[in-house]
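Reading through the structure tokens given below for one structure.
Numbering (the working numbering), first residue to last: 41 to 529.
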């Protein structure tokens with residue numbers, strides 16, 4: 041491609057302090073993850089001791105999963121007067137909104153930021169009295185390409201900023217004008233968390249095909265895919281053209297917002313309001329013969345337990361939903377096989393150095409064939425950097441040896457930033473089998489079909505797979521799910 045780079049190598053630099061690695065893993069996977077990484081995960085105290093919760097045999101509503109979508113649903117239902125119990129498969133609440141203490145740093149091991157578009161989440165922050173925790177970045181989401189010892193910056197969420205961007209060729213910059221008619225069409229989308237309502241058909245076209253055939257190969261390789269790979273571990277096949285355009289319009293010109301003590305402060309504060317059974321893996325949900333409620337069977341401490349409720353909300357990754365039912369309803373059988381997730385990892389390093397980089401991070405395009413897609417400097421304290429690297433989705437696997445991952449990360453980061461070579465003193469890897477939901481061609485069509493008649497009641501569903509790869513979207517689906525349940529009486 042025409043980039044003007046002397047050796048053909050283009051390195052994209054980004055403010056990785058707000059990298060999104062927006063979905064919570066499966067019950068067993070996350071428990072294994074926490075154990076393997078000896079992470080000090082935040083625990084939910086709740087209003088009752090676990091022994092008191094176990095003694096209960098009935099509740100008004102049971103929520104399976106205590107990620108942000110389940111907690112959001114619980115908040116709305118409790119506010120409406122319902123008795124709610126949450127069953128969480130791992131040893132902590134929050135799902136991907138998890139912050140741990142490691143090496144003297146607050147480390148977000150999943151989601152890292154929200155945006156000003158996520159109004160429901162920010163409203164929840166206000167209601168919980170956590171506004172002082174918010175740290176707003178008014179600069180947007182800046183990306184920078186490093187070429188020939190020069191920096192070329194642009195705001196990823198602002199199309200006009202690209203018109204004067206020297207990071208790619210003039211031809212590629214001019215090609216961005218081709219996006220404008222598509223974005224103008226998508227402006228008609230009224231709810232950013234219902235991407236299936238975006239105008240136009242859900243074509244059998246990936247966003248990679250869309251760029252290659254209709255916009256610019258160069259802009260895809262050095263703008264779209266580097267950002268989406270690091271943020272979501274997406275490949276060029278994981279997002280349809282319709283989903284891409286709808287997501288971009290939804291978050292265009294949004295500002296990023298982080299939390300002073302990490303994103304985990306939100307679910308931890310929210311969870312203090314509820315009865316939550318941790319380490320409780322749900323095995324089966326059975327609708328009562330007369331349809332008046334359901335029984336949830338789960339395993340805890342090696343024992344099988346059961347609890348009944350008038351309604352059950354399923355707030356786990358969508359690819360595990362069907363396994364909970366012996367006879368899933370037809371609408372569920374048709375939709376849930378379409379739900380898929382990206383797989384990835386966040387790799388943290390402690391680097392002892394007084395070096396202060398000109399930029400706080402780097403995106404590495406897949407064209408370089410390097411095993412790392414991103415490197416970033418997140419926090420500096422007492423002569424040490426908390427640095428993050430993202431394994432390339434094209435070389436990463438869940439069973440890839442830790443030693444190999446660390447070797448690749450250290451070598452790549454040291455190549456880009458020679459000043460930190462030999463300064464690495466510790467590292468931690470957090471692997472995500474279900475990182476964020478994918479939105480491949482045909483998915484939005486399947487989702488629209490599902491909402492025509494989801495066949496809910498007394499079973500209801502919420503999760504990010506309904507809304508998009510964001511914690512704000514996940515929270516919104518919980519709020520919306522509670523509203524549907526309440527409307528059914």
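Even glycine gets a Cβ: it sits at the ideal position worked out from N, Cα and C.
C-beta contact flag for residue i and residue j at 9 Å
i           : j           : result
residue 518 : residue 109 : yes
residue 287 : residue 479 : yes
residue 481 : residue 281 : yes
residue 321 : residue 365 : no
residue 294 : residue 155 : yes
residue 126 : residue 147 : no
residue 359 : residue 474 : yes
residue 169 : residue 303 : no
residue 466 : residue 143 : yes
residue 490 : residue 233 : no
residue 259 : residue 268 : no
residue 397 : residue 133 : no
residue 175 : residue 300 : yes
residue 334 : residue 344 : no
residue 389 : residue 453 : yes
residue 296 : residue 497 : no
residue 495 : residue 369 : yes
residue 107 : residue 514 : yes
residue 102 : residue 336 : yes
residue 392 : residue 424 : yes
Residue burial classification, residue i (beta-carbon count within 10 angstroms, cutoff 16)
i           : result
residue 332 : exposed
residue 218 : exposed
residue 342 : exposed
residue 20  : Because the chain is modelled from 41 through 529, residue 20 falls outside the range shown and cannot be assessed.
residue 527 : exposed
residue 316 : buried
residue 443 : exposed
residue 274 : buried
residue 510 : buried
residue 433 : buried
residue 346 : exposed
residue 111 : buried
residue 65  : Its pLDDT being 37, under 50, residue 65 is placed unreliably in this model, and the value from its coordinates should be taken loosely. Buried is the call here.
residue 484 : buried
residue 471 : buried
residue 438 : exposed
residue 271 : buried
residue 98  : exposed
residue 278 : buried
residue 404 : buried
residue 431 : buried
residue 529 : exposed
Cβ-Cβ separation, residue j to residue i (assumed contact under 8 Å), whole Å
i           : j           : result
residue 376 : residue 362 : 5 Å
residue 113 : residue 502 : 6 Å
residue 284 : residue 247 : 4 Å
residue 456 : residue 429 : Contact doesn't hold; Cβ gap of about 10 Å is too wide.
residue 305 : residue 408 : Not quite, the Cβ-Cβ distance comes to about 37 Å (not below 8 Å), so this is no contact.
residue 229 : residue 508 : The Cβ separation is near 11 Å, so there is no contact.
residue 512 : residue 158 : 3 Å
residue 402 : residue 384 : Not really, about 17 Å apart at Cβ, beyond 8 Å.
residue 500 : residue 524 : 6 Å
residue 357 : residue 381 : 6 Å
residue 145 : residue 419 : 5 Å
residue 522 : residue 116 : 4 Å
residue 239 : residue 226 : 7 Å
For residue i, the residue or residues it bridges with in DSSP
i           : result
residue 98  : 348
residue 327 : 334
residue 301 : Answer is none; residue 301 lacks a bridge partner.
residue 317 : 127
residue 510 : Beta-bridge pairing links residue 510 to no other residue.
residue 353 : 103, 500
residue 177 : 296
residue 343 : 340
residue 156 : In DSSP, residue 156 forms no bridge with anything.
residue 148 : 139
residue 322 : 338
residue 464 : 391
Proximity test, Cβ basis, 9 Å: residue i and chain C
i           : result
residue 330 : Of the chains in the structure shown, none is chain C; there is only one protein chain.
Closer than 8 Å: residue i CB and nearest the ligand ADP heavy atom
i           : result
residue 256 : Among the components of this structure there are no ligands whatsoever, and the ligand ADP is therefore not found.
#### Entry: Contiguous beta strand (DSSP E) assignments of at least 3 residues, all confined to the region 225-297
Correct list: empty.
### Ranges of the beta strand (DSSP E) found wholly within the region 359-443, counting only runs of at least 3
Here the runs fully enclosed are 384-392, 401-403, 412-421, 424-431.
### Query
Can you list the beta strand (DSSP E) stretches of 3 or more residues lying completely in the region 466-503, in chain order?
The region 466-503 is shown to contain whole beta strand (DSSP E) runs of 3 or more residues at 499-501, in chain order.
### Query
What alpha helix (DSSP H) runs, 4 residues minimum, are completely inside the region 105-145?
Inside the region 105-145, DSSP marks whole alpha helix (DSSP H) runs of 4 or more residues at positions 108-119, from first to last along the chain.
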